[in-house]
Structure formats: structure tokens, C-alpha cells
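What follows is one structure encoded as C-alpha cells, with my remarks underneath.
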Amino acid sequence: METRLNKLTSRTQDGFVHHGNNSVENGLITSAVTPSSLVTVNTNFDVIIIGAGFTGLMAARELSRRNRKVLIIEARDRIGGRTFTSEFDNQKYEMGGTWVHWSQPHVWTEITRYGLSIVETQGVTADRLSLLLDNGSRLKMTSMTNLFPQLCEAMNNYSNIDGVQGRTVMPLPHEPFGANEVIQTYDKMSMQDRLDQISTIFNNNKDMYEIMDAYLSMNSQCKLSESGFIDHLRWWALGDYETCRLFDKTSRYKITEGISTLANAMLNDCHNVQLLLSTPIISINRTNDNNVTICTQNGQLFTGRTTIITIPLNTLHNIEFFPPLKLEKQRVINEQQCRGGSKFAVKLEEPIGNWCGYAPYPNPITMAFTDDKEGTIIIGFGMEDLLDIRDFDAVKLALNKLLPDIKIKYIIGHDWRSDSYTGGTWGWYRPGQITSNLLTLQEHEPPLFFASSDTANGWRGFIDGALESGLTVVRHVEQYLNKESTINI
1 METRLNKLTS RTQDGFVHHG NNSVENGLIT SAVTPSSLVT VNTNFDVIII
51 GAGFTGLMAA RELSRRNRKV LIIEARDRIG GRTFTSEFDN QKYEMGGTWV
101 HWSQPHVWTE ITRYGLSIVE TQGVTADRLS LLLDNGSRLK MTSMTNLFPQ
151 LCEAMNNYSN IDGVQGRTVM PLPHEPFGAN EVIQTYDKMS MQDRLDQIST
201 IFNNNKDMYE IMDAYLSMNS QCKLSESGFI DHLRWWALGD YETCRLFDKT
251 SRYKITEGIS TLANAMLNDC HNVQLLLSTP IISINRTNDN NVTICTQNGQ
301 LFTGRTTIIT IPLNTLHNIE FFPPLKLEKQ RVINEQQCRG GSKFAVKLEE
351 PIGNWCGYAP YPNPITMAFT DDKEGTIIIG FGMEDLLDIR DFDAVKLALN
401 KLLPDIKIKY IIGHDWRSDS YTGGTWGWYR PGQITSNLLT LQEHEPPLFF
451 ASSDTANGWR GFIDGALESG LTVVRHVEQY LNKESTINI
């Protein structure tokens, strides 16, 4: 498609900056805001894609390059879905999905394709460590050099469900049902169930139990009793069954130019794709077997031969389908998944150097770490709705429990959990949902096709998973369109 010029003065309605003087800026500057197309309502598209996140962008690029007439309809005023880069105070802040790795095949292909580079998040490898223990009453300062061998041992014990570090359960992490019978055995197990199973190994090291609670809770952003253990094993297998590698792959490297630079590169690489932003949809009608009609919130109707639905799982129930989807899919959609918690960044008045902190549930911040070399920016994560990241005093109080002497200049973030278009952060399934829900969510109902980071096989919940799902659905849509064209000859 023609190159879209993005101005750094473009402001999305998403996100906020809360300053120490109590002034609040709503909306953030980002290159993810891009002009909409002028779309003729009576155009008949080959494919209408609902959502301009990375799943939708991947599908749009690949289908348009196959000469398909594509329309993307996006509810937000920007592209990127659960990711966007904001430029504020001469810094790049990633509001959503951030970290990438060369072992993530789909995102690394795109980084290579567009000549992007990576930079390291400093605090992930910090040696200075704060541990908030005993229900938030005891602050322990230590070094990661001393702690990491113990953490690795604890992670090995936790993941070693089968005596070979989970390899018989998750031998091929991009094939979630590669060991189907074994998966079914452990799918109903929660992360808390597994922690309870090995609790005796912490009898002489209660601190490590709490550190494990904090780290595992940060991964699922949900109570461990409501988080599926199989999703932990998937991460573990994707991390090569090794703690250091898992850290590197999930939280160490990010795109120097910003995630939104990648999103814009993919959009600009599309061929004659039309894009509608700020256009929520309310219903999808497929009563005519030969097409699908999309009805938007403002009453516009758009028709296509097929539709790809990339809406996050936790908000998919807001869309009406005519006729209704299969009963099993309706059940799964209504069941949703873990809703996730919070992610935010703070700018400090003074640098603190490299640092990382852990605090187990029910502390409002489960993990935080510095993001820059000087240590003036801290990225923090909270579980569920325990922390209102828009409340300056609440964030300051929670962070001061880990770092008593710091002063915060401002907080910047976006409340994904309260966002009506996402209903949460990254994907994590509850106990039993892999075997009962995943295949149903991946099943298409032509001419309706479903794709999302929430339903990817490999790096589900990551940018790589979104790209995987977008690439996979293209194959199914192409097969359907080619078959329909043959029938209609």
C-alpha cells in the first residue's frame, strides 16, 4: 500500500502520563496512529480482517500480496493491538508487548526483513535485588549472583513433572498436543497445585518459595490457583527447559526502533489494503453462504467473501454472530482465559543503576526492574486488579516497599485489563483449558476464520504468537477462496 506518513505528534486515546505534581495527560504520542482509508461501503472485499494487531497485519500483508482485496477494520485509533510504542520525554516506552528473541521464528523473520535491531533491557540481568517477603513486611536486599543458582534449582524442580524436565509432556512446544495423552493428564493441574507438590523442598528456604510465587505469578498475571500449569510448561519448553534461556527469551531483548516501527513497516508493505481505524464493530452476519456482512457501531455495513476475526479472546463475547457460532465455541468464548494484570513504567528523579525486585502475591507489584543503563526507568508488573496504575500514590507506595528511597517523576502506562477492546494483557489459560478449549478456538467456521495471539500454538501471548496465528490463517483462507472460485466457475 502507499506509504503512510506518521507524525510523532499523533496521539492515541490509549495510555496516560501521571506526573508527580498530580497533573495527568490522557492519551500518548505514538507512530501507531495512522490515517484511515476512504472506504466505499458497497465494495465487495475478498477478506475483511477485524483487528489491526500483529495477527491482522500479518494476514493483511500476506493476502494482499496474493492480490486479494483486503479491508482491515480496527476499533482503536491506532494499529498494533496489545502493543504500541510511545515517545515521551525523549524516551521510547513500550506500553504492551515488548520482548523478542532470535529463537522466536516469526518475529525474528520480520526483524530481519525490515532491518531492525535489538537492545537489552538492563534490569533483567541486574545483580542488585530487592525481595519483599513475609506478606510485604520484610525487605531483603541481596544479589542475583547469590540468588540465581537457587532460583534455577527451584525452577528445575518445579518444571520436572516427569523426571526429564517436562520433555515427555511438552516435547515439541510449537505442537501443543504432540504428547496428547500426557497433556490431558496434567492439564487440570494449576500452577499452585504444582508448587504445593514440591513445597517440602522449601522447608529450609522459605524465601525461595516466595520468590517462586512472585516470578510464576508475574508470568501468568493471575493467582497461581487459577493459572494452568501446562502453560508454564509451554514457556519452559520454549525456553529450552532452562531458566537462564527462559529469562533471555521472555524479557531481555526489545526492538531498538520500537514495536510500532515494526507494525508500521508491515502495514506499509501491504498491497492496496484499506484500513478503517476508530471503527468498533457490533455484529458479523453470514446468513448468506457466499459472503459475510460486518456491521459497525456507527451503522456502516461492509461485505466480504471471508472474514478473519483477530479480536482478543476476553472480548470476543461482545460481538454478535448471525447465525450464532457453534455451541462449543460459544462456551469457550464465554469462559475466557486469565485476564492478566498490569504493566507500567516510572521515571525516577535520580538514577539507581541496575536493579530488579520480586514480591509474591498479594503484593500489588510482583516484579519490577530497571530498563535503561542509568537506572532512571523502572518497568513494573502487577497481578490482576491489585494495583491501579493510574493512582500515583498507590504506585509510589507499592514501589517504595521495594525501593524505600526513590522519588518518582511520573508514571506512564495503559490499563489493558480495563480496556474494553482487550480485556486483559497477554494470554494464559486456566487449568483444563488447553485440552478443552484451544482446538475449539482454532477451529474455523468458513467463511469465518479465527486467529489471535491468544490461540497460537507456540509463543501464545507474545508478538511471535500473533504473527504465527496470522500466517497460519492465511493458508486456510487462501484454500477456501480458491475452492470457492473453482466451484463458481
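Here UniProt numbering is used: the first residue of the sequence shown is 1, the next is one more, and so on.
Where is the CB? At the ideal position from N, CA and C, for every residue including glycine.
All values reported here derive from a predicted model rather than from experimental measurement.
- request: Put residue 547 into one of helix, strand or coil per three-state DSSP.
  value: Because the chain here runs from 1 to 489, residue 547 falls outside it and cannot be looked at.
task: Would you check if there are 3 or more beta carbon pairs closer than 8 Å linking the region 402 to 412 to the region 335 to 346?
output: With a cut-off of 8 Å, the region 335 to 346 and the region 402 to 412 count as touching, because enough Cβ pairs lie within range.
field: Three-state secondary structure (DSSP) of Thr486
entry: Correct three-state label for Thr486: helix.
query: Would you report the Cα separation of Thr287 and Gly166, rounded to the nearest angstrom?
result: If you take the alpha carbons of Thr287 and Gly166, they lie about 46 Å apart.
Cβ pair His232, Arg65 closer than 8 Å: With respect to Arg65, His232 sits apart: the two C-beta atoms are not nearer than 8 Å.
Beta-bridge partners of Tyr410, as assigned by DSSP: Answer is His19 and Lys347, bridged to Tyr410.
field: Neighbourhood of Met383 by C-beta, 7 Å cutoff - its chain only, sequence neighbours within 5 removed
entry: Cβ contact annotation for Met383 (same chain, cutoff 7 Å, sequence separation greater than five): Ser217, Gln221, Cys222, Gly341, Tyr361 and Thr366, in chain order.
- prompt: Would DSSP call Cys152 helix, strand or coil?
  reply: Looking at Cys152 - three-state DSSP - the assignment turns out to be helix.
message: Whole angstroms are fine: how far does the CA of Ile434 sit from the CA of Glu335?
response: A direct Cα-to-Cα measurement between Glu335 and Ile434 gives close to 12 Å.
field: Straight-line Cα distance separating Phe229 from Lys69
entry: So the two alpha carbons sit approximately 42 Å from each other.
field: Three-state class that DSSP yields for Ala368 in the structure shown
entry: Note: Ala368 maps to strand in three-state DSSP.
- prompt: Taking the C-alpha atoms as reference points, what is the distance between Ser469 and Phe16?
  reply: Cα to Cα, Ser469 sits roughly 30 Å from Phe16.
Per-residue burial, Lys329 [other beta carbons within 10 Å of its own, 16 or more giving buried]: With a 10 Å radius around the Cβ and a threshold of 16 neighbouring Cβ atoms, Lys329 comes out buried.
message: My output table needs one value for Arg194: the three-state DSSP class, helix, strand or coil.
response: In the structure shown, the three-state DSSP call for Arg194 is helix.
Helix, strand or coil at Met266 according to DSSP, with G and I counted as helix: When secondary structure is reduced to three states using DSSP, Met266 falls in the helix class.
task: Specify the secondary structure class of Leu71 as computed by DSSP and reduced to three states.
output: Three-state result, Leu71: strand.
message: Using a 10 Å radius around the Cβ and a threshold of 16 neighbouring Cβ atoms, would you call Phe322 buried or exposed?
response: Burial call: exposed.
task: Could you name the residues that DSSP lists as bridge partners for Thr303?
output: Asn44 and Thr293.
query: How long is the line joining the alpha carbons of Phe88 and Gly136, rounded to whole angstroms?
result: Their backbone Cα atoms lie some 32 Å apart in a straight line.
task: Check each candidate in Leu403, Asp14, Ser10 and Val24 and name the one with the smallest Cα separation from Asp391.
output: Check the Cα spacing between Asp391 and each of Leu403, Asp14, Ser10 and Val24: the tightest is with Val24.
field: Cutoff 6 Å; reference Ile406; Cβ partners in own chain excluding five residues on either side
entry: Around Ile406: Leu348.
- prompt: Can you tell me the Cα-Cα spacing of Ala75 and Ser278, whole angstroms?
  reply: One Cα belongs to Ala75, the other to Ser278, and the distance between them is close to 5 Å.
- request: Give me the Cα-Cα distance between Tyr158 and Asn298, rounded to the nearest whole angstrom.
  value: If I take the Cα positions, the gap works out to 51 Å.
- prompt: Between Ile309 and Ile50, is the Cβ-Cβ spacing less than 8 Å?
  reply: Contact annotation: Ile309 and Ile50 have beta-carbon atoms nearer than 8 Å.
- prompt: Which class does Cys244 belong to by DSSP, given the choice of helix, strand or coil?
  reply: In the three-state reduction of the DSSP assignment, Cys244 falls in the helix class, which pools H, G and I.
task: Kindly indicate which residue of Ser130, Ser103, Ile201 and Ala60 has the alpha-carbon position closest to the one of Ala214.
output: Considering only Ser130, Ser103, Ile201 and Ala60, the residue with the shortest C-alpha distance to Ala214 is Ser130.
- prompt: For the beta strand (DSSP E) that contains Tyr93, what are its first and last residues?
  reply: Segment Gln91 to Glu94, the beta strand (DSSP E) holding Tyr93.
task: Can you have a look at Pro149 and say buried or exposed, based on whether 16 or more other CB atoms are within 10 angstroms of its CB?
output: Exposed, since its Cβ has fewer than 16 Cβ neighbours within 10 Å.
message: Less than 8 Å between the beta carbons of Phe449 and Val477, yes or no?
response: For Phe449 and Val477, yes; Cβs fall inside 8 Å.
message: Please identify the residue among Met155, Thr293 and Leu151 whose C-alpha is closest to the C-alpha of Phe45.
response: The closest CA to that of Phe45, considering only Met155, Thr293 and Leu151, is found on Thr293.
query: Considering only residues of the same chain and omitting the five flanking positions on each side of Asn156, which have a CB-CB separation below 6 Å?
result: So no residue of the chain qualifies.
message: So for Arg234, helix, strand or coil by DSSP?
response: Secondary structure of Arg234 (DSSP, three-state): helix.
Beta-carbon gap between residue 508 and Leu481 smaller than 8 Å: Not covered by the structure: residue 508. The range shown for the chain is 1 to 489.
- prompt: For the putative contact between Gly258 and Thr85, defined by C-beta atoms under 8 Å, what is the C-beta separation to the nearest angstrom?
  reply: Confirmed, about 3 Å.
- prompt: For Ile282, which residues from the same chain have a beta carbon less than 6 Å from its beta carbon, with the 5 sequence-adjacent residues on both sides left out?
  reply: For Ile282, same chain residues with a beta-carbon under 6 Å away, outside a window of 5 residues either side, are Cys295 and Gln297 in chain order.
message: Are the CB atoms of His101 and Lys326 within a distance shorter than 8 Å?
response: No. Outside cutoff.
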